[in-house]
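The C-terminal residue of the first sequence carries number 1321 in the working numbering, and the numbering is unbroken.
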Amino acid sequence: MERFTLSTDQYGEIGFGCLVDAENRLVASAFGPSLKIVKAHLANYSKKIGGEPMPTDRPITHEMIRLYNGEDVTRAISFNTDHVSKFQRQVYRVLERIPKGKVTTYGRISKHLGSAPRAVGGAVASNPWPLFVPCERVVNFDLTIGNYGLCGNLGPAGTITKQALLERERVPILENRIDKKAVWDPSRDNR
DNA sequence: GGACCCAGAATAA
DNA sequence: TTATTCTGGGTCC
């Protein structure tokens, strides 16, 4: 049984939480409409991968709130990737390269990786590090916002949250649709 | 292996 | 523009 620390924070109505391992690597993060939901979600995740969370305070949730507000983190975050598949890691590596203020589509990522859009959708949906890995920057082929899961729950609240996040990152949005100018292609820009 | 899942894409109207 | 159909690939048992 691995030991993790669970730190949580409240910012306005929103609850934030981070699961961190003994080496100070981020195992998972979550945010949602209440602290209770976030705690339950992370406790459940921890159980799934065979860990035991101990509550503590860590400044990492402050970094999370910065990201939520469309700001940058103040230090490098290292991730514990032990519990995600190889394919997921490939997808997340692409997500991390999406510049702030830009978006890409499931189809573009799948073409870049030689995979299928729905498979990418599945991988993005199971992103353990929302906000730290910017899964909100992936939208539908037709540039509508698409879905966003809050603690694993899909629904209108997720889409509203996703749009708000993108707006704070200064992604141009015209009537529920991303401006074409903001589209970034993983195959064209190999920084 | 095989069944089932997916936060998509393409097509038709 | 919406509704329907078709996908391929990943994951879990």
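We treat Cβ as the ideally placed atom computed from N, Cα and C, and that holds for glycine.
Item	Value
Secondary structure of Tyr1141, DSSP reduced to three states	strand
Coarse secondary structure for Val1313, derived from DSSP in three states	strand
For Ala1206, the three-state DSSP class (helix, strand or coil)	coil
Bounding residues of the alpha helix (DSSP H) (the contiguous stretch that carries Ala1173)	1165 to 1178
Nearest neighbour of Lys1241, chosen from Phe1134, Ser1317, Val1157 [CA to CA]	Ser1317
Gly1162 vs Gly1142 beta-carbon contact at 8 Å	no
The segment 1296 to 1306 in contact with the segment 1228 to 1248 per 3-pair CB rule at 8 Å	yes
Straight-line Cα distance separating Ile1290 from Asp1187	29 Å
Where the alpha helix (DSSP H) containing Leu1261 begins and where it ends	Premise fails: Leu1261 is in no alpha helix (DSSP H) and is neither H nor E.
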